[in-house]
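Here the sequence shown stands for residues 148 to 407, where the numbers follow the working numbering.
Using N, Cα and C, we set each Cβ at its ideal position, and we do this for glycine too.
First up is the structure itself, then whatever we jot down about it.
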Amino acid sequence: MDCLMSIAEQYNLKVVEDAAQGVSSYYNGQALGSIGHLGTYSFHETKNYISGEGGALCINDPELIERAEIIRDKGTNRQKFYRGEVDKYTWVDHGSSYVPSEIVSAFLYGQLEMIEGISKRRKEIFQNYQQALNPLAEKGYLQIPFTPEHCQSNYHMFYILLPDGKTRDELMFYLKDQEITAVFHYVPLHSSPMGKKVSRTHGSMEVTDDISSRLLRLPFYYEITDAQQDYIQKHIKGFLTKRFKNNPNALAEASRSTGK
Ligand SMILES: *Cc1c(COP(=O)(O)O)cnc(C)c1O
């Protein structure tokens, strides 16, 4: 973000920070969502703090507040009317109806009141995976995430990186047979149909392509139990040990194919 913000400053650009998953995470002591000129949070059901659907716009440049209020309110200046700044409200710009309902907001408020408890539990879940899978990481069977010193995580997800794409795909199907839903995320934007249409890359995106082919997200949600995590860890360990332990060549080959 430091790098992006300095490029934006140099060329007089505005940065919209997609902090959809980043509520309550920090980078160099600064909350995610507060770094770009605008920041966006998601309260979609898959995130840490949820209202089913919906999100928030953080406006970090005061000059952008007025237009955001208008766009949120169907393109009208109704907020100005409520504040008594105009004697009637009317249509002044583009817009849509982005205001969440009272009921949805109350549901979200309950989650935000529990933000510390939710974060604490998510940290435990994360550390549980970390501890259980670290021995496999030390053997080179997979890589696990780490949080740099200057960052504070909200423990949104736990992913593993397998030595190659083939192992990732086979592990994913194996886990599915054990009724464990592990998914890969995301299809890199530059290879999506819309990404191809509206953007171009500077040079190759081989690192992105490589990581996305090897990444697997493990089940991660507030109510997951220790027993469920044990079950998941046991099956990952069983699968990878069988694949690599008596077959060091397979591991060397997998690693070679990704240049590691
Ligand atoms: C979830 C997510 C979104 C979409 O959020 P919505 O609330 O569904 O609009 C966008 N970007 C990232 C990085 C996300 O994780």
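{"Query": "Helix or strand or just coil, what does DSSP make of Arg-230?", "Result": "coil"}
{"Query": "Taking the alpha-carbon of Asp-316 as reference, which of Val-354, Ile-383, Asp-373 and Val-163 has the nearest alpha-carbon?", "Result": "Ile-383"}
{"Query": "What are the boundary residues of the beta strand (DSSP E) that includes Val-163?", "Result": "163–165"}
{"Query": "Thinking C-alpha only, which one of Ala-329, Phe-254, Leu-280 and Asn-195 is nearest Gly-264?", "Result": "Asn-195"}
{"Query": "Under the assumption that Arg-269 contacts Tyr-369 (Cβ atoms under 8 angstroms), give the Cβ distance between them as a whole number of angstroms.", "Result": "7 angstroms"}
{"Query": "Does the Cβ of Ser-171 have 16 or more other Cβ atoms within 10 Å, making it buried, or fewer, making it exposed?", "Result": "buried"}
{"Query": "Terminal residues of the continuous beta strand (DSSP E) containing Thr-388?", "Result": "No beta strand (DSSP E) contains Thr-388, which is instead part of the alpha helix (DSSP H) from 373–391."}
{"Query": "Are there any heavy atoms of ligand 1 lying less than 6 angstroms away from the beta-carbon of Pro-248, as far as the coordinates show?", "Result": "The sequence given here has Ser at residue 248, not Pro. Because no heavy atom of ligand 1 lies under 6 angstroms away, the Cβ of Ser-248 does not count as near it: no."}
{"Query": "Does Ser-360 come out as helix, strand or coil in the three-state DSSP assignment?", "Result": "helix"}
{"Query": "Using alpha carbons as the reference points, say which of Tyr-158, Tyr-188, Glu-200 and Thr-187 lies closest to Val-251.", "Result": "Glu-200"}
{"Query": "Check for me: the beta strand (DSSP E) holding Ala-329 runs from which residue to which?", "Result": "From DSSP, Ala-329 is part of no beta strand (DSSP E); its letter is neither H nor E."}
{"Query": "Exposed or buried, Leu-318, counting other C-beta atoms within 10 Å across all chains shown (16 or more means buried)?", "Result": "buried"}
{"Query": "Locate the alpha helix (DSSP H) running through Ile-206, then write down its first and last residues.", "Result": "Taken as a continuous stretch (DSSP letters only), Ile-206 belongs to no alpha helix (DSSP H), being part of the beta strand (DSSP E) at 202–206."}
{"Query": "In terms of residues, what are the limits of the alpha helix (DSSP H) holding Gly-257?", "Result": "249–260"}
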